[in-house]
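Undergrad: Just add 16 to wherever you are in the sequence shown, counting from 1, and you've got the numbering used here. A virtual CB, placed ideally from N, CA and C, is assigned to each residue, including glycine. This structure is in structure tokens; I'll ask about it shortly.
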Amino acid sequence: MVDNFSLPVAYALMETKTATSYDQVIVFIKNNILPNFRPTSIMTDFEPALRDTLTSYFNTAQPYGYWFHHNQVVWKSMKRFCYLELVKSNDKAKKCLRMVMALPLLPSHKI
17 MVDNFSLPVA
27 YALMETKTAT
37 SYDQVIVFIK
47 NNILPNFRPT
57 SIMTDFEPAL
67 RDTLTSYFNT
77 AQPYGYWFHH
87 NQVVWKSMKR
97 FCYLELVKSN
107 DKAKKCLRMV
117 MALPLLPSHK
127 I
């Protein structure tokens, strides 16, 4: 963050989303582009291999995910398991869905 704005550090076009692929990209960036880079925070989507790789190389940085992506995964899961009709017709189910979508907004020690 610089003056309350997030700045992307690097973009990489990749054929796969594996930990090995992410590892190769991070090693290249660290060795050739940003050798002294020490981020204090890392923001990614909810891609586990990417988050795990970044936090292993930048273990002092605080990882963050996008709330939108979390909710998108929750919504797609609701559709996949055919719970949307229940959420639309049942107020308790709707409240549960909202609570699950709000979880990332809570401090981790409160979950």
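(1) Name the two residues that bound the continuous alpha helix (DSSP H) containing T56.
(2) Let me confirm a value: Y27 is counted as buried when at least 16 other C-beta atoms fall within 10 Å, else exposed. Which label applies?
(3) Exposed or buried, T69, counting other C-beta atoms within 10 Å across all chains shown (16 or more means buried)?
(4) Which of the three DSSP states is assigned to F74 in this structure?
(5) For F74, which of Y82, K46, E63, D61 has the nearest alpha-carbon?
(6) Report the three-state DSSP secondary structure of P51 (helix, strand or coil).
(7) Starting from M115 and walking both ways along the alpha helix (DSSP H), at which residues does that stretch end?
TA: Straight from the coordinates:
(1) Residue numbering aside, residue 56 sits at position 40 when the sequence shown is read from its first letter. Counting along the chain, T56 falls outside any alpha helix (DSSP H), and DSSP gives it neither H nor E.
(2) Here residue 27 refers to the residue found at position 11 of the sequence shown. With a threshold of 16 other beta carbon atoms within 10 Å, Y27 falls short and is exposed.
(3) For the purposes of this step, residue 69 is taken as the residue at position 53 of the sequence shown. Buried.
(4) For the purposes of this step, residue 74 is taken as the residue at position 58 of the sequence shown. If DSSP states are grouped into helix, strand and coil, F74 belongs with coil.
(5) For the purposes of this step, residue 74 is identified with residue 58 of the sequence shown, where counting begins at 1. Of the candidates Y82, K46, E63, D61, the one whose C-alpha sits nearest the C-alpha of F74 is K46.
(6) Mapped onto the sequence shown, residue 51 falls at position 35. Reduced to three states, the DSSP call for P51 is coil.
(7) As a position in the sequence shown, residue 115 is number 99, starting the count at 1. Unbroken alpha helix (DSSP H) run through M115: 107-118.
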